[in-house]
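Chains as they are written, first to last, in the working numbering: chain A, 41 to 149; chain B, 41 to 149. Just so you know, even glycine gets a beta-carbon here, dropped at the ideal spot from N, CA and C. Predicted model, so just to flag it, every value in this text is computed and none were measured. Below is one structure; the comments refer to it alone.
2 protein chains.
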Amino acid sequence: MTDRLSVIFAALADPTRRAILARLAEGEATVTELAEPFDISLPAISRHLKVLENAGLISRSRSAQWRSSRLEAGPLREATAWMERYRRFWDENFARLDAHLKRLQEEKP
Amino acid sequence: MTDRLSVIFAALADPTRRAILARLAEGEATVTELAEPFDISLPAISRHLKVLENAGLISRSRSAQWRSSRLEAGPLREATAWMERYRRFWDENFARLDAHLKRLQEEKP
DNA sequence: CGGTCATTTAACCCTCCCGTTAATTAACGG
DNA sequence: CCGTTAATTAACGGGAGGGTTAAATGACCG
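Listed below in structure tokens is the structure:
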């Protein structure tokens, strides 16, 4: 699980972390501010932040004793870029057309 | 980790599973066909398929002793829909503009 | 300097994930 | 039937993930 995309998806696979990202979309925040809505300990939040930072989804800056986190959406762009390859499968119409074309192609030879 | 989105992202967080999806984009395939490119045992593949099925990313049909898998991209649409909320952060220009507007707003009052 | 606040690290659980091999189920074909 | 092929289930092990509490770090402040 050492590849970049896996790390990104794994980071997103936790509701707490996604909620943290949602919060950061409204602006930077410190660890305690981020922890406030959740019913889990501060060390747990601290680790979630480390996971997000590791995935490149946030960056962190320290000023005095506060460390504020900042949303970095670049990895999300990478993730959607990967999914983009499958976009044609989302469209029912395309799927039906595609199946139809495949059937034709198999009947030909 | 019971929510739908988490299950989807978790399923995508494995390179083998993403490779299986890529293979299925070219058409249905049986378990042994899907296992062929990988250096892992058949039971392992079988479980990966169960994870993908659980996430709704594939559907399966049985004909005789073969069980073929079929790509279902619906969940990918859901996942990108979630990420879509952050699209504005991908664009550097927007980010700079956004920061600028925020600065203005803070200077006002 | 001593206290206090913000955050991280350490140490420890427990559960889930990914892999293995061995055994089991299911269906076909002589 | 029996053997073969396809796939899953069972049982196990190692390691990662998410949580906890207690202790350590770092920076402000009186």
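The shortest C-alpha to C-alpha distance from E68 of chain B to any of B:F129, B:E118, B:S81, B:E112 is the one to B:E112.
For the segment 64-82 of chain B, the beta-carbon criterion of a distance under 9 Å to any beta-carbon of chain A is satisfied by A65, G67. A distance of 8 Å or more separates the beta carbons of L64 of chain A and R58 of chain A. A:T70 is the residue among A:W122, A:T70, A:L45 whose C-alpha sits nearest the C-alpha of R110 of chain A.
A Cβ-Cβ separation of about 6 Å places D43 of chain B in contact with P55 of chain A under the 8 Å criterion.
For I98 of chain A, no alpha helix (DSSP H) segment is defined; the enclosing uninterrupted segment is the beta strand (DSSP E) at 98-103. If you ignore the 5 residues before and after E124 of chain B, its C-beta comes within less than 6 Å of no other C-beta in its own chain. Distance between V91 of chain A and R127 of chain B, taken at the CA atoms: about 21 Å. Counting along the chain, no alpha helix (DSSP H) covers S109 of chain A; the unbroken beta strand (DSSP E) around it starts and ends at 106-111. T42 of chain B sits in coil when the DSSP states are folded into three classes, being neither helix nor strand. Interface flag for L111 of chain A against chain B is set, since a Cβ pair is found closer than 8 Å. Scanning chain B for C-beta atoms nearer than 9 Å to the C-beta of A121 of chain A yields nothing, as the closest lies near 10 Å away.
When the beta-carbon positions are compared, W130 of chain B and L45 of chain B stay at least 8 Å from each other.
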